[in-house]
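Residue numbers (this note's numbering): 18 to 407. Ideal Cβ positions, reconstructed from N, Cα and C, are used throughout, including at glycine. Just below is one structure, and these are the notes that go with it.
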Amino acid sequence: MKHTLLISNLILMLLTSTAVNATSDTQNTSDTTLASVFSNSIQPQLKKFHPYIHLNSFTYSEPISIDGMLHEWDDDLHSGELAFTQQRISVGLSHSSGWSLGWISRYDYFLEFTEDTALLYHQGENDLPASRDYHYQLFLRAEHAKSSGPQIAYQTPLLKFGPEQSHQIKVKIQIARLTSNQLYNGSIWGEAILLENDDIEAQLNIDYAYHEDSLFDRPLTNTIEGQGLSVDLFADWQFKQWQVSLTLLDAYYRVKWQDNPFTTAIISTDTRGVDENGFIRYSPILSGLEGNKDFIQKLPLDLYLNTAYQWNQHWGSFVNYHHVASTHFYQLGMEYFSLGKASYFLAYQEPTQALSLGFKYDTFEISLGLDSLSTNNAQTLAIQLIWGLN
18 MKHTLLISNL ILMLLTSTAV NATSDTQNTS DTTLASVFSN SIQPQLKKFH
68 PYIHLNSFTY SEPISIDGML HEWDDDLHSG ELAFTQQRIS VGLSHSSGWS
118 LGWISRYDYF LEFTEDTALL YHQGENDLPA SRDYHYQLFL RAEHAKSSGP
168 QIAYQTPLLK FGPEQSHQIK VKIQIARLTS NQLYNGSIWG EAILLENDDI
218 EAQLNIDYAY HEDSLFDRPL TNTIEGQGLS VDLFADWQFK QWQVSLTLLD
268 AYYRVKWQDN PFTTAIISTD TRGVDENGFI RYSPILSGLE GNKDFIQKLP
318 LDLYLNTAYQ WNQHWGSFVN YHHVASTHFY QLGMEYFSLG KASYFLAYQE
368 PTQALSLGFK YDTFEISLGL DSLSTNNAQT LAIQLIWGLN
């Protein structure tokens with residue numbers, strides 16, 4: 018009996034020990050397997066993700082300095098019919114497969130006007146006398162949007178050809194789902210004249226939509242918001258020392274505003290009357306309509322065509338063309354390639370007469386463009402900061 022109990026205890030101990038060892042081996046095997054899966058599968062995939070930050074800002078004002086435009090036009094007036102600013106910043110992650118996902122925030126403002134409009138506004142803001150017996154032909158068109166949203170992009174080689182497939186064309190499409198909370202869209206037009214007796218005769222037509230009524234201070238209670246899409250297209254061709262790239266920003270831009278406030282009005286000062294003291298008085302008449310409507314906002318295509326050629330190990334040159342808001346910009350530059358991945362470039366742009374200085378290293382790039390050494394007098398300001406590829 019004692020022997021039977023002894024054998025039973027030995028068998029029980031053996032089974033318990035085997036179960037513990039089996040559990041331990043299973044746990045060790047499981048841990049080893051998980052570590053192996055992470056190191057062999059997940060970790061290499063994580064290394065294929067790369068963060069990126071892209072900042073682009075371009076501001077251009079024909080009739081007055083940028084600083085003057087921001088400070089009640091307190092500066093010298095030049096000829097010109099256009100002023101705009103485009104500002105974009107995007108952050109996100111890109112993958113070696115060609116996909117990228119991020120967030121974009123942007124601010125766009127375009128103003129087109131006649132030189133008479135700029136002249137009359139400059140005279141009014143600076144308490145300067147208006148020109149007598151001169152018919153001011155007035156026109157102002159504004160397009161403004163402030164928006165942000167998620168952004169997705171995909172880049173892929175489209176075509177390889179030539180000797181040993183040395184020619185390569187890459188294309189990329191970038192789509193953003195935008196939410197906008199600021200809007201100006203519309204025009205003011207008409208004419209005004211200052212008579213010899215300092216009387217003013219003017220008639221203005223106004224038709225514009227807005228997120229805030231800056232002309233008539235109309236009280237608004239509803240939250241103003243637009244929803245839409247923007248699509249950017251990119252193409253890049255490389256062959257030996259040549260590189261040509263085409264960029265179409267806002268190739269498609271549509272933001273739908275629902276139940277958005279608008280005003281259409283006519284202002285006329287050609288109304289004379291005599292007051293109780295016998296003096297002639299002018300009582301401007303404002304007639305029009307305030308309401309809400311649905312409409313779709315569009316922004317102009319922003320096109321870049323860049324060509325670069327590397328002459329030798331250290332020197333290259335490039336020619337860039339930029340078209341936006343019916344204006345053409347041409348840029349000619351030289352680039353110096355130092356040892357490693359660093360390079361420096363200098364460029365000159367017409368018609369802005371702006372000089373740009375820049376530095377590149379691998380996927381990092383920074384540049385600054387100005388048409389005046391004094392930032393207070395600058396009418397062109399271009400800033401670019403790139404870290405990583407999207």
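Subject >> Assumed close pair V336, T344 - CB separation to whole angstroms, cut-off 8 angstroms >> reply: Position 319 of the sequence shown holds residue 336. Position 327 of the sequence shown holds residue 344. Going by Cβ atoms, the distance from V336 to T344 rounds to 18 angstroms, so no, they are not a contact pair.
Subject >> Cβ pair L2, Y338 closer than 7 angstroms >> reply: It is not possible to answer for residue 2, since the shown part of the chain is limited to 18 through 407.
Original post:
What is the C-beta distance between E208 and L155, in whole angstroms, given that I count them as a contact (C-beta under 8 angstroms)?
Top reply: One-based indexing of the sequence shown puts residue 208 at position 191. One-based indexing of the sequence shown puts residue 155 at position 138. Rounded, the Cβ-Cβ distance is 6 angstroms, consistent with contact.
Original post:
Who are the near neighbours of Y326 in its chain, counting only those whose CB is closer than 7 angstroms to its CB and skipping five residues on each side?
Top reply: For the purposes of this step, residue 326 is taken as the residue at position 309 of the sequence shown. Excluding positions up to five away in sequence, the list reads Q258, W259, G333, S334.
Subject >> Spatial distance of V341 from N73 (CA atoms) >> reply: Mapped onto the sequence shown, residue 341 falls at position 324. Mapped onto the sequence shown, residue 73 falls at position 56. When rounded, the distance between both Cα atoms is 15 angstroms.
Original post:
Among T240, P278, P80, which one has its Cα closest to the Cα of D311?
Top reply: Position 294 of the sequence shown, counting from 1, holds the residue named residue 311. Considering only alpha carbons, the answer is P278.
Subject >> Residue closest to H112, alpha-carbon to alpha-carbon, out of G85, N143, Y171 >> reply: Mapped onto the sequence shown, residue 112 falls at position 95. It is Y171.
**OP:** Counting only runs of 4+ residues fully inside the segment 82-115, write out the alpha helix (DSSP H) ranges in chain order.
**Re:** 83-87
Original post:
Applying the criterion that 16 or more other CB atoms from any shown protein chain within 10 Å of the CB defines a buried residue, is S306 buried or exposed?
Top reply: Walking along the sequence shown from the start, residue 306 turns up at place 289. Ser is not the amino acid found at residue 306; the sequence shown has Leu there. So L306 counts as exposed.
Original post:
Just checking my contact of L195 with S164 at CB under 8 angstroms: how many whole Å lie between their CB atoms?
Top reply: On the sequence shown, residue 195 is found 178 positions in, with the first residue counted as 1. On the sequence shown, residue 164 is found 147 positions in, with the first residue counted as 1. That belief holds up - the Cβ atoms of L195 and S164 are roughly 4 angstroms apart, short of 8 angstroms.
**OP:** Determine the DSSP secondary structure at T43, reduced to helix, strand or coil.
**Re:** Indexing the sequence shown from 1 puts residue 43 at position 26. For T43, the predicted model reports a pLDDT of 45, less than 50, meaning its position is unreliable; a value from the coordinates is still stated below. Correct three-state label for T43: helix.
Original post:
Where I70 and I186 are concerned, what is the direct C-alpha to C-alpha distance, given to the nearest angstrom?
Top reply: Position 53 of the sequence shown holds residue 70. Position 169 of the sequence shown holds residue 186. Taking the straight line from one Cα to the other gives about 24 angstroms.
Subject >> Nonlocal neighbours in the same chain, by C-beta distance under 8 angstroms from Q9, ignoring five residues either side >> reply: With the chain running from 18 to 407 in the structure shown, residue 9 is simply not present.
Original post:
Where does the unbroken beta strand (DSSP E) through E142 begin, and where does it stop?
Top reply: As a working mapping, residue 142 is identified with position 125 in the sequence shown. It is not in any beta strand (DSSP E) - E142 instead sits in the alpha helix (DSSP H) that spans 132-142.
Original post:
In chain order, which beta strand (DSSP E) runs of at least 3 residues are fully inside the segment 319-357?
Top reply: 319-327, 332-341, 344-354
Original post:
What do you get for E352, buried or exposed, if any count of 16 or more other CB atoms within 10 angstroms of its CB means buried?
Top reply: Sequence index remark: in the sequence shown, residue 352 carries index 335 (1-based). Buried, because 16 or more other Cβ atoms sit within 10 Å of the Cβ of E352.
Original post:
A39 to F66, Cα distance in whole Å?
Top reply: Translated into the one-based positions of the sequence shown, residue 39 becomes position 22. Translated into the one-based positions of the sequence shown, residue 66 becomes position 49. Only weak support is given to the placement of A39: the predicted model assigns it a pLDDT of 43, under 50, and the value that follows is read from those uncertain coordinates. Computed Cα separation, rounded: 39 angstroms.
**OP:** Please list, in chain order, all residues of the same chain as A364 whose beta carbon is under 6 angstroms from its beta carbon, the five residues on each side excluded.
**Re:** The sequence position of residue 364 within the sequence shown is 347, counting from 1. Excluding sequence neighbours, A364 sits near Q348, G350, S373.
**OP:** Pick out whichever of I210, T280, V248 has its Cα sitting closest to the Cα of P236.
**Re:** What you label residue 236 is simply residue 219 of the sequence shown in a count that begins at 1. Out of I210, T280, V248, T280 has the C-alpha closest to the C-alpha of P236.
Original post:
Who pairs with S285 in a beta bridge, going by DSSP?
Top reply: Locating residue 285 in the sequence shown gives position 268, where the first residue counts as 1. DSSP lists Q220, I302 as partners of S285.
Original post:
Helix, strand or coil: how does DSSP classify P236 here?
Top reply: The residue labelled residue 236 in the question sits at position 219 within the sequence shown. Coil at P236, not helix or strand.
Original post:
Since N73 is in the beta strand (DSSP E), which residue starts that stretch and which ends it?
Top reply: The residue you call residue 73 lines up with position 56 of the sequence shown. Residues 66-78.
Original post:
Is T392 helix, strand or coil by DSSP?
Top reply: Translated into positions along the sequence shown, residue 392 becomes position 375. Here T392 sits in coil by DSSP.
Original post:
Between L316 and A252, what straight-line distance do the alpha-carbon atoms span, to the nearest angstrom?
Top reply: Translated into positions along the sequence shown, residue 316 becomes position 299. Translated into positions along the sequence shown, residue 252 becomes position 235. Those two C-alpha atoms are separated by around 21 angstroms.
**OP:** Determine the closest residue to E213 out of G115, I313, Y378, P146, with distance taken between C-alpha atoms.
**Re:** Mapped onto the sequence shown, residue 213 falls at position 196. Among G115, I313, Y378, P146, the Cα nearest to that of E213 is on P146.
Subject >> H152 beta carbon less than 7 angstroms from that of Q2 >> reply: Examination of residue 2 is not possible in this model, given that the chain is present from 18 through 407 alone.
Subject >> Simplified DSSP state of K377, which is helix, strand or coil >> reply: On the sequence shown, position 360 is the one that residue 377 refers to. In this structure, K377 counts as strand in the three-state DSSP scheme.
Subject >> Under the three-state DSSP convention, the category N198 falls into >> reply: Start at 1 with the first residue of the sequence shown, and residue 198 comes out as number 181. Here N198 sits in strand by DSSP.
Original post:
When you compare only the Cα positions, how much space is there between A135 and G97?
Top reply: Taking the first residue of the sequence shown as position 1, residue 135 is located at position 118. Taking the first residue of the sequence shown as position 1, residue 97 is located at position 80. Distance between the alpha carbons of A135 and G97 is about 8 angstroms.
Original post:
If you draw a straight line from the alpha carbon of G203 to that of L246, how long is it in whole angstroms?
Top reply: The residue you call residue 203 lines up with position 186 of the sequence shown. The residue you call residue 246 lines up with position 229 of the sequence shown. Near 21 angstroms, if we compare the C-alpha coordinates of L246 and G203.
Subject >> Opening and closing residue of the beta strand (DSSP E) in which A147 lies >> reply: Taking the first residue of the sequence shown as position 1, residue 147 is located at position 130. Note, A147: premise wrong, no beta strand (DSSP E); not H, not E.
Original post:
Where does S231 fall in DSSP's three states?
Top reply: Start at 1 with the first residue of the sequence shown, and residue 231 comes out as number 214. Coil.
Subject >> Any C-beta of chain D under 7 angstroms from that of N323 >> reply: In the structure shown, chain D cannot be found, because there is only a single protein chain.
Original post:
Just reading off the beta strand (DSSP E) that G243 is part of, what are its end residues?
Top reply: Taking the sequence shown and counting its residues from 1, the one referred to as residue 243 is at position 226. G243 -> beta strand (DSSP E) spans 243-256.
**OP:** Specify the secondary structure class of T369 as computed by DSSP and reduced to three states.
**Re:** Along the sequence shown, read from residue 1 onward, the residue named residue 369 stands at position 352. Of the three classes helix, strand and coil, the one that applies to T369 here is coil, per DSSP.
Subject >> Nearest residue (CA-CA) to H88, options E142, L137, Q104, D133 >> reply: Indexing the sequence shown from 1 puts residue 88 at position 71. The shortest C-alpha separation from H88 is found at E142.
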